[in-house]
Each structure stands twice: as C-alpha cells, then as structure tokens.
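Visitor:
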Amino acid sequence: MSALLVALAVAAAPPPAPRMQPPGHIAVETRCEACHSPAGWTPVAFDHSKTGFPLEGRHVFASCRACHGSSTDFRAPVPTSCGACHRDVHTGEFGNRCASCHDPSSWATQFGPDAHRFTNFPLTGRHAAIPCEECHQNQRDKRFTRAAADCFACHQPDYLRTAGTSIDHARAGFGTDCKSCHFPTRFKGARFAGHDACFQLSGGPHAGISCFDCHTSLTSFIAPGTCMTNTADCMRCHACAHETQTHARVGGFQCTNRKCYECHTFTAGTGLRPPATTRVKR
Numbered sequence: 012m013s014a015l016l017v018a019l020a021v022a023a024a025p026p027p028a029p030r031m032q033p034p035g036h037i038a039v040e041t042r043c044e045a046c047h048s049p050a051g052w053t054p055v056a057f058d059h060s061k062t063g064f065p066l067e068g069r070h071v072f073a074s075c076r077a078c079h080g081s082s083t084d085f086r087a088p089v090p091t092s093c094g095a096c097h098r099d100v101h102t103g104e105f106g107n108r109c110a111s112c113h114d115p116s117s118w119a120t121q122f123g124p125d126a127h128r129f130t131n132f133p134l135t136g137r138h139a140a141i142p143c144e145e146c147h148q149n150q151r152d153k154r155f156t157r158a159a160a161d162c163f164a165c166h167q168p169d170y171l172r173t174a175g176t177s178i179d180h181a182r183a184g185f186g187t188d189c190k191s192c193h194f195p196t197r198f199k200g201a202r203f204a205g206h207d208a209c210f211q212l213s214g215g216p217h218a219g220i221s222c223f224d225c226h227t228s229l230t231s232f233i234a235p236g237t238c239m240t241n242t243a244d245c246m247r248c249h250a251c252a253h254e255t256q257t258h259a260r261v262g263g264f265q266c267t268n269r270k271c272y273e274c275h276t277f278t279a280g281t282g283l284r285p286p287a288t289t290r291v292k293r
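Going by the numbering used here, the sequence shown wraps up at 293, each residue one higher than the last.
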C-alpha cells in the first residue's frame, strides 16, 4: 500500500521547470518576468540580497557575467572575496584586507591622512591634502611600505627650480634635507638654523622677515656654516628718512651703518634705554 502511495505521489509531482536560454542569455530555470519587465531588459529586478551577497555601491552596476562568467547555472558557487574579481595592485602588501582601505561605494581609498599616522611618514600640514598618487607614482610605489619617505624624493623639482634666483639652493650649497629649513605646514617660507651664528633672526624683530628681504642678489648666499665677511648693513632696510623722524628726540642720533647696535639688540626693536652718553630730548 505504501509503495502505491509513493508511486502516486511521484506521478502527481509537477515536472521540473524547463531550462530556457534566450539569445545572449545563460540558461536559467526562471521565467523572464521574474527578473525583467516589458519596459526594458535592464535594470534586472532580481533581489541579489537573497543570495547572501547583497549588491551595494558600484556592485549594483556590475553585469551578471562579471561575476558569474559563462556559467550555465546562477546557483553555482561564486567566490565572494575581493581578490576573486579585483586585481591586487599592491601585490600582497596588505594581504586580503581590501575593506580596510576601500569600500564598494566608489572603490576610492578610505586610507586617509589620519590612518597615515600609523606609518613612518605621518601626513601633517600641506602633506595631508595631497592625493596618494602624488607620492606613490608607479607600480613599485603602490607597495606602500617601499615608497620613498625622504623630502628630496618628491621635492627635487622645487629644489632645482630655485636656480637663477637670489636663493639658488645649489649655488648656496644647501643640502637636500628640506625639513632642516622648511615646514610641512607651509612649503613657502623657511628657517635657516645656522643663521643666528651670523645674524640673529630668532626671538627678535627680524624673525618674521623673508630671505628675499635681505638676500636680493645671486651672490648674497654663501655656503652654510660660514658667515659673510662684511657686516650687516642696517640702513639697507631701515631708511634714513624714516629713522631720522623716528629718532627725532634722540640727541646725537646719526643715521649711519651699524649705529643701531649702540642702542638696539637682536631681541627687541623699540623701547630700549639708550647708552648713557646719548641725550634724549624732552
């Protein structure tokens, strides 16, 4: 009796849906209207989230064949790892942790300046605004831990661009360790640590002046570590007409070179007590 019931159940079961293969389409077991509509063959209405791999971001625009290839069965297992579809341009530098820097929304890197602080070259100041490819320019550099981190590797063109100017770096003998004079917060402007030994700039009224304010010719820079044999000319910057008016109450004031040193020091510009031999008019 039981055998008869089984036979009847099998006989009553509907036959499997025929596999259809419309032109240009892989063989499927579903009807066309399950995914498509008369309005157009795209977009496809199939709910991919039912597969356990929801299509998000740029994945939404990928064709079925991009992942399923020429498979005749959409139900066949398809690898879901990033590396199954995306070539690793970093040649294994970061393993298979693509999602630590990328996401499906645009594929653009999410590895920002803040994450760069965990490397041996934190991005601060102006460096924080430059795109990755500005420093990582070729296939070798895409293995990020191999990218050069010294200033001159990127700023050699800036160094050479000073040729023929009053601050010709090569002619003056400046080294290639850019950070010894320049700040990453702003690439323009510089500090020359050895300058105080010749003419003090730090901690005084001269601290904010530009190199070009005093060095105006191609021969006005000399090799670091040495000083110019001639003394600084105060009157070159401090015009006599202005200084004579400013010192109108200082008896015996003379607008001559280095006369400023008798009253002024490098650490303050005004409000100093003049020498005892100088009479101030009341």
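The beta carbon of each residue, even a glycine, is placed where N, CA and C say it ideally should be.
According to the Cβ coordinates, are glycine 136 and proline 195 closer than 9 angstroms?
Guide: Residue numbering aside, residue 136 sits at position 125 when the sequence shown is read from its first letter. Residue numbering aside, residue 195 sits at position 184 when the sequence shown is read from its first letter. Contact flag set, yes.
Visitor: Could you spell out where the alpha helix (DSSP H) holding alanine 164 opens and where it closes?
Guide: The residue given as residue 164 occupies position 153 in the sequence shown. 162–171 is the span of the alpha helix (DSSP H), which, as asked, contains alanine 164.
Visitor: Can you give me the Cβ contacts of histidine 59 inside the same chain, cut-off strictly under 7 angstroms, excluding the 5 residues immediately before and after it?
Guide: Residue numbering aside, residue 59 sits at position 48 when the sequence shown is read from its first letter. Correct list, in chain order: Pro65 and Leu66.
Visitor: Answer with buried or exposed for cysteine 248, where buried requires no fewer than 16 other C-beta atoms within 10 angstroms of its C-beta.
Guide: By 1-based counting over the sequence shown, the position of residue 248 is 237. Classification of cysteine 248: exposed, given that the 10 Å Cβ count is below 16.
Visitor: Is valine 17 buried or exposed, if buried means 16 or more other CB atoms sit within 10 Å of its CB?
Guide: Taking the sequence shown and counting its residues from 1, the one referred to as residue 17 is at position 6. The predicted position of valine 17 is uncertain, since its pLDDT is 47 and thus under 50; a value taken from the coordinates is nonetheless stated next. Valine 17 is exposed by the Cβ-count criterion.
Visitor: Measuring only the C-alpha atoms, how far is serine 191 from alanine 201?
Guide: On the sequence shown, position 180 is the one that residue 191 refers to. On the sequence shown, position 190 is the one that residue 201 refers to. If you take the alpha carbons of serine 191 and alanine 201, they lie about 9 angstroms apart.
Visitor: Report yes if the C-beta distance between phenylalanine 223 and histidine 217 is below 9 angstroms; otherwise report no.
Guide: Numbered from its first residue, the sequence shown carries residue 223 at position 212. Numbered from its first residue, the sequence shown carries residue 217 at position 206. With contacts defined by Cβ atoms closer than 9 angstroms, phenylalanine 223 and histidine 217 do not form a contacting pair.
Visitor: May I ask you to list the residues that DSSP assigns as paired with threonine 120?
Guide: In the sequence shown, counting from the first residue as 1, residue 120 sits at position 109. DSSP, once it has assigned bridges, lists no residue as partnering threonine 120.
Visitor: Quick check on the DSSP output: the alpha helix (DSSP H) that includes histidine 253 runs from which residue to which?
Guide: Translated into the one-based positions of the sequence shown, residue 253 becomes position 242. Per DSSP, the unbroken alpha helix (DSSP H) holding histidine 253 starts and ends at 251–257.
Visitor: Looking only at C-alpha atoms, which of Gly51, Ala140, Cys75 and Thr276 sits nearest to serine 213?
Guide: For this step, residue 213 is matched to residue 202 along the sequence shown. Per the Cα distances, Thr276.
Visitor: Between which two residues does the alpha helix (DSSP H) containing arginine 79 stretch?
Guide: Residue mapping note: residue 79 aligns to position 68 of the sequence shown, counting from 1. It should be noted that the sequence gives histidine, not arginine, for residue 79. Histidine 79 -> alpha helix (DSSP H) spans 75–79.
Visitor: Measuring alpha carbon to alpha carbon, tell me which of Asp188, Ala139 and Cys143 ends up nearest phenylalanine 163.
Guide: Position 152 of the sequence shown, counting from 1, holds the residue named residue 163. Ranking the options by Cα distance to phenylalanine 163, first place goes to Asp188.
Visitor: Since histidine 180 is in the alpha helix (DSSP H), which residue starts that stretch and which ends it?
Guide: To locate residue 180, count along the sequence shown from 1; it is residue 169. Run containing histidine 180: 180–183, per the alpha helix (DSSP H) assignment.
Visitor: Hey, alanine 63 and proline 115: beta-carbon distance below 9 angstroms or not?
Guide: Here residue 63 corresponds to residue number 52 of the sequence shown, with the count starting at 1. Here residue 115 corresponds to residue number 104 of the sequence shown, with the count starting at 1. The residue you asked about is not alanine; residue 63 is glycine in the sequence shown. No Cβ-Cβ contact shorter than 9 angstroms links glycine 63 with proline 115.
Visitor: CA-CA distance, cysteine 274 and phenylalanine 264?
Guide: One-based indexing of the sequence shown puts residue 274 at position 263. One-based indexing of the sequence shown puts residue 264 at position 253. The straight-line gap from Cα to Cα measures roughly 11 angstroms.
Visitor: By Cβ distance below 7 angstroms, which residues in the same chain neighbour valine 89 in space, the five residues on each side in sequence not counted?
Guide: Locating residue 89 in the sequence shown gives position 78, counting from the first residue. So the list reads Cys78 and His79, once near-sequence residues are dropped.
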